[in-house]
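Enquirer: Quick note on this note's numbering: the sequence shown kicks off at 2 and runs consecutively.
Dropping a structure here in structure tokens format, bear with me for questions.
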Amino acid sequence: MAKDNGHAPQTPPRFSATFTPDVNAEIRRAAATGIYDIRGGGAKRRVPHFDDLVFLGASMSRYPLEGYRERCDTSVVLGTRFAKKPIELKIPITIAGMSFGALSAQAKEALGRGASAAGTSTTTGDGGMTKEERGESKTLVYQYLPSRYGMNPNDLRKADAIEVVVGQGAKPGGGGMLLGQKISDRVAEMRTLPKGIDQRSACRHPDWTGPDDLEIKILELREITGWEKPIYVKVGAARPYFDTTLAVKAGADVVVIDGMQGGTAATQDVFIEHVGIPTLACIREAVQALQDLGMHREVQLIVSGGIRSGADAAKALALGADAVSIGTAAMIALGDNDPKWEAEYQKLGSTAGAYDDWHEGRDPAGISTQDPELSKRLDPVEAGRRLRNYLKVMTLEVQTLARACGKNHVHNLEPEDLAALTMEAAAMAKVPLAGTSWYPGMPGQGF
């Protein structure tokens, strides 16, 4: 017990709400080094997300489906607008673009194995197509980025679809980074770069300045591939209504919207935390653009950025997406940030679950590294099996929720099946606040 010295008890010291310990530490770091902070991963701040929505399961006014007796389909076809060979997937969950360079060759192979076993697609990312990834991926999407690293017509023709990347959710308006320690002999050869030298990808494509030029580029890609391959256009979520509209008018078969919770291999922390909008805020805007153009479901919409579970995927589908894409979650399924490497994460000044210095190339799990001794820790067969299991569970969760809402296909989920738990989520998703028939900004309500 504290000694009574006759004075009033002291108020415990309080940190400033503005200058928190984390803020102060960053100021000191910047003052000591003179350089901005670079890291991987996505936004760490709390923003409205799928957890702020709930499903309204069937009861009296709706009939649920029996899980063991009544079918609930999960298939999706992407690229039906112009492509001669649209992509047919068994599940509406795809693997996002993550480059060889950012990830090890073993990790890229594992992604291909897991995605193929689950009946879905994987995506190359910046830096070109590896033989391991193409060999193990039944369906492979080739990313066509501003850097054009590794881009060649032969690989475009080998791919099953082409994704023109205009922006990424973690850094809309910014380019990628790959530091010298991850540019091995093989990475340097594939990207036509000097070994061991930092590289920074361009933030915009060199041969267009707007959607008119994008239309020309899409036509060029169609000519190169004989009009067979679906053409995706990926944008970082910033102005989703207008970006979706322009992508459709430029000729896209598929639009990919990537929210700010999406991860990255490396960029400035200030980008990750302060540029872009939450994934939840961009879906209805993109869907509205497609509906206004009469293109909803004819041009498919893929949503990415912080998708973690079947519940997240089902909510995105209910808001109007055709499919979702996962990146960070897929890495975790492979073994990223696994507590079994805790001692080594501690040596790097981090801890399992918080490690985000992927740009340094010292990932103990062997996933975001080019160090041969580290990367060989990842068994691509076992890691692929883990990814397949994870995708299977996600799919079962989507089906479970769809059946609970009385739907025999996951694409039959709709906004009416959702309610919001917070005012922010209600406004962003344009679904009623739970227990009401109202959301902020609802048309005709005088707001």
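Even glycine gets a Cβ: it sits at the ideal position worked out from N, Cα and C.
Could you give the C-beta distance for T280 and V304, rounded to a whole number, given that I count them as a contact under 8 Å?
Expert: With 8 Å as the limit, T280 and V304 qualify as a contact, their Cβ atoms being about 7 Å apart.
Enquirer: What is the DSSP secondary structure of L215, counted as helix, strand or coil?
Expert: The answer is helix: DSSP assigns L215 an H, G or I state.
Enquirer: Of all Cβ atoms in chain D, is any one closer than 8 Å to the Cβ of T210?
Expert: Included in the structure is just one protein chain, with no chain D present.
Enquirer: Run through DSSP, which three-state label would M261 get?
Expert: M261: coil per DSSP, three-state reduction.
Enquirer: Taking the C-alpha atoms as reference points, what is the distance between K218 and E67?
Expert: Cα to Cα, the separation comes out at about 48 Å.
Enquirer: Per DSSP, E89 forms a beta bridge with which residues?
Expert: The partner list for E89 (beta bridge, DSSP) reads V78.
Enquirer: So the beta strand (DSSP E) S305 belongs to, where does it begin and stop?
Expert: First-last of the beta strand (DSSP E) with S305: 301-305.
Enquirer: Taking A366 and G336 to be in contact with their CB atoms under 8 Å, please state how far apart those CB atoms are, rounded to whole angstroms.
Expert: At roughly 5 Å, the Cβ-Cβ gap stays under 8 Å, so A366 and G336 are in contact.
Enquirer: Within 10 angstroms of the Cβ of L64, are there 16 or more other Cβ atoms? Answer buried if so, exposed if not.
Expert: As written in the sequence, residue 64 is Tyr, which differs from the Leu given in the question. By the neighbour-count rule (16 or more Cβ atoms within 10 Å), Y64 is not buried but exposed.
Enquirer: Nearest-angstrom Cα distance between A324 and V255?
Expert: Taking the straight line from one Cα to the other gives about 10 Å.
Enquirer: According to DSSP, which residues form a beta bridge with I163?
Expert: Y143, I232.
Enquirer: From the DSSP output, read off the bridge partner residues of H410.
Expert: For H410, which the question treats as bridged, DSSP gives the partners D74.
Enquirer: Just the Cα atoms here: how many angstroms apart are R187 and G321?
Expert: Going by the C-alpha atoms only, they are around 41 Å apart.
Enquirer: Given a cut-off of 8 Å on the beta-carbon distance, is the pair G311 and E415 in contact?
Expert: No, the Cβ-Cβ distance between G311 and E415 is not below 8 Å.
Enquirer: Below 8 Å, can you find three or more Cβ-Cβ pairs linking the segment 183-203 to the segment 215-235?
Expert: No: the two stretches stay apart, fewer than three of their Cβ pairs being nearer than 8 Å.
Enquirer: Return the CA-CA distance between T75 and P93, expressed in angstroms with no decimal places.
Expert: Roughly 6 Å separates the two Cα atoms.
Enquirer: Output the distance between the C-alpha atoms of A330 and I308, rounded to the nearest integer angstrom.
Expert: Each residue's Cα considered, the two are about 7 Å apart.
Enquirer: Can you grab the Cα-Cα spacing for the pair R46 / I225, in whole Å?
Expert: Answer to the nearest angstrom: the Cα atoms are 43 Å apart.
Enquirer: I believe A106 touches T131 by the beta-carbon criterion, under 8 Å. Please report the beta-carbon distance rounded to the nearest angstrom.
Expert: Going by Cβ atoms, the distance from A106 to T131 rounds to 6 Å, so yes, they are a contact pair.
Enquirer: Can you name the residues that DSSP bridges to T268?
Expert: T268 pairs with R40.
Enquirer: Please name the residue in G174, Q182, T210 whose C-alpha comes closest to that of S202.
Expert: Checking every option, the nearest Cα to that of S202 belongs to G174.
Enquirer: Does L455 come out as helix, strand or coil in the three-state DSSP assignment?
Expert: Any question about residue 455 goes unanswered here, given that the chain covers just 2 to 448.
Enquirer: Are the segment 25-45 and the segment 388-397 touching by the rule of at least three beta carbon pairs closer than 8 Å?
Expert: Contact between the segment 25-45 and the segment 388-397 is absent, because fewer than three Cβ pairs lie under 8 Å.
Enquirer: Can you tell me which of L179, H297, A160 puts its alpha carbon nearest to the alpha carbon of V198?
Expert: Rather than Val, the amino acid found at residue 198 in this sequence is Ile. Comparing Cα positions, the closest option is L179.
Enquirer: Taking Cβ positions, are V167 and K230 nearer each other than 8 Å?
Expert: Going by C-beta atoms, V167 is not nearer than 8 Å to K230.
Enquirer: Would you check if there are 3 or more beta carbon pairs closer than 8 Å linking the segment 282-301 to the segment 266-273?
Expert: In short, these stretches do not touch, since the Cβ pair count stays below three.
Enquirer: Secondary structure at L434, three-state DSSP: helix, strand or coil?
Expert: Strand at L434.
Enquirer: Would you say A353 and D339 are within 8 Å of each other, going by their C-beta atoms?
Expert: Yes, Cβ-Cβ distance for A353 and D339 is below 8 Å.
Enquirer: On the DSSP bridge assignment, give the partners of S326 in chain order.
Expert: Bridge partners of S326: T95, S305.
Enquirer: Less than 8 Å separating the beta-carbons of C283 and A238?
Expert: Yes.
Enquirer: Should the segment 35-42 be called in touch with the segment 375-389, which here means at least 3 C-beta pairs below 8 Å?
Expert: Judged by Cβ distances under 8 Å, the segment 35-42 makes no contact with the segment 375-389, as fewer than three pairs qualify.
Enquirer: Count the other CB atoms, across all protein chains shown, that sit within 10 Å of the CB of A344; report buried if there are 16 or more and exposed otherwise.
Expert: Exposed, by the Cβ-count rule.
Enquirer: Output the distance between the C-alpha atoms of K85 and L79, rounded to the nearest integer angstrom.
Expert: Going from the Cα of K85 to the Cα of L79 covers about 11 Å.
Enquirer: Take the Cβ of G252 as the centre, count every other Cβ of all protein chains shown within 10 Å, and call the residue buried at 16 or more, exposed below.
Expert: When all chains shown are included, G252 counts as buried.
Enquirer: Which whole runs of the alpha helix (DSSP H) in the segment 102-151 are 4 residues long or more, in chain order?
Expert: Listed in chain order, they are 106-119, 132-137.
Enquirer: Report yes if the CB atom of G362 is closer than 8 Å to the CB atom of K183, and no otherwise.
Expert: Cβ distance < 8 Å, so G362 and K183 count as in contact.
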